[in-house]
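Residue numbers for the sequence shown follow the numbering used here, so the first one is 1 and each next one is one higher.
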Amino acid sequence: MVQQAAGLTVFQTPLRLAHACDAGDENSVKNCFTADAKLFVFRPGTNVAHVCKEGRSEVVQLLIGHQQSQDASRKHFIADQIFEGQNTRKAHVKSKFLVTECADSRVSIVAGGTYEDQLEKEDGRWLISLRRVILN
Numbered sequence: 001m002v003q004q005a006a007g008l009t010v011f012q013t014p015l016r017l018a019h020a021c022d023a024g025d026e027n028s029v030k031n032c033f034t035a036d037a038k039l040f041v042f043r044p045g046t047n048v049a050h051v052c053k054e055g056r057s058e059v060v061q062l063l064i065g066h067q068q069s070q071d072a073s074r075k076h077f078i079a080d081q082i083f084e085g086q087n088t089r090k091a092h093v094k095s096k097f098l099v100t101e102c103a104d105s106r107v108s109i110v111a112g113g114t115y116e117d118q119l120e121k122e123d124g125r126w127l128i129s130l131r132r133v134i135l136n
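This is the structure:
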């Protein structure tokens, strides 16, 4: 059974984060992470992260800064979410993702891979405490 908190399942936090990033909504991005959140990005075929951010402010700064630095409109598409177990305070969700870009009336895929999220329940909300981004 998928855990619900205030009507939201653990699957909804990664989806809310994607929408917030696409909109450049810094406050909403911030509200998806724990204070001590960590984010690691791995290039294809590597086991060593090439991006490491620790703490909510660093993670949010990276995500919002990256979105704001783009000349074209980018959108995240999340699919194939897999729930990998939980207890009353923690859960693990894997999601496949694609990032598209629209420039000069052309849409192209600019990134894809897997999000591996560890979520923790705080004040009745599921927040991401660890995100591993594995690029394909």
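All C-beta atoms, glycine included, are put in the ideal place defined by N, C-alpha and C. Remember, it's a predicted structure, so these values are computed and weren't measured experimentally.
>> According to DSSP, ASP117 sits in a beta bridge with which residue or residues?
In response: In the sequence shown, residue 117 corresponds to position 117, counting from 1. According to DSSP, ASP117 bridges with VAL93, ARG131.
>> Within 10 Å of its beta-carbon, does PHE33 have 16 or more other beta-carbons around it, so buried, or fewer, so exposed?
In response: The residue given as residue 33 occupies position 33 in the sequence shown. Looking at its Cβ environment, which holds 16 or more other Cβ atoms inside 10 Å, PHE33 is buried.
> With DSSP run on the structure shown, which of helix, strand or coil describes THR34?
Replying inline: Working through the sequence shown from its first residue, we reach residue 34 at position 34. Residue state, collapsed to three classes: strand.
> What separation, rounded to the nearest whole angstrom, lies between the Cα atoms of TRP126 and HIS92?
Replying inline: In the sequence shown, counting from the first residue as 1, residue 126 sits at position 126. In the sequence shown, counting from the first residue as 1, residue 92 sits at position 92. For TRP126 and HIS92, the distance between alpha carbons rounds to 11 Å.
>> Could you compute how far the alpha carbon of ASN87 sits from the alpha carbon of TYR115?
In response: In the sequence shown, counting from the first residue as 1, residue 87 sits at position 87. In the sequence shown, counting from the first residue as 1, residue 115 sits at position 115. Using only the alpha carbons, I get a separation of about 20 Å.
>> Pull the bridge partners of GLU54 from the DSSP assignment, please.
In response: Taking the first residue of the sequence shown as 1, we reach residue 54 at position 54. In the DSSP output, where bridge partners are listed per residue, GLU54 has LYS38.
> Leaving out the 5 sequence neighbours to the left and right, which residues in its chain are closer than 8 Å to ILE78 when beta-carbon positions are compared?
Replying inline: Position 78 of the sequence shown, counting from 1, holds the residue named residue 78. So the qualifying residues of the chain are PRO14, LEU15, ALA18, SER95, LYS96, PHE97, TYR115.
> What residues are listed by DSSP as bridge partners for GLN98?
Replying inline: On the sequence shown, residue 98 is found 98 positions in, with the first residue counted as 1. According to the sequence as given, residue 98 is Leu; it is not Gln. According to DSSP, which records beta bridges pairwise, LEU98 is partnered with PHE77, GLY112.
>> So if DSSP puts ALA103 in a beta bridge, which residue, or which two residues, is it bridged to?
In response: Residue mapping note: residue 103 aligns to position 103 of the sequence shown, counting from 1. Its beta-bridge partners are ARG106.
> For ASP117, which residues from the same chain have a beta carbon less than 6 Å from its beta carbon, with the 5 sequence-adjacent residues on both sides left out?
Replying inline: Position 117 of the sequence shown, counted from the first residue, corresponds to residue 117. PRO14, VAL93, ILE128, ARG131, listed in sequence order.
> Mind checking HIS76: buried by the 16 CB within 10 Å criterion, or exposed?
Replying inline: Counting from one through the sequence shown, the residue named residue 76 turns up at place 76. Buried, by the Cβ-count rule.
> Looking at the structure shown, is MET1 part of a helix, part of a strand, or coil, going by DSSP?
Replying inline: Working through the sequence shown from its first residue, we reach residue 1 at position 1. Residue confidence is low: MET1 scores 45 on pLDDT, short of 50, so the model does not pin down where it sits. No coordinate-derived value is stated.
> Could you give the C-beta distance for PHE42 and ILE134, rounded to a whole number, given that I count them as a contact under 8 Å?
Replying inline: For this step, residue 42 is matched to residue 42 along the sequence shown. For this step, residue 134 is matched to residue 134 along the sequence shown. Indeed they touch by this definition, with Cβ atoms about 5 Å apart.
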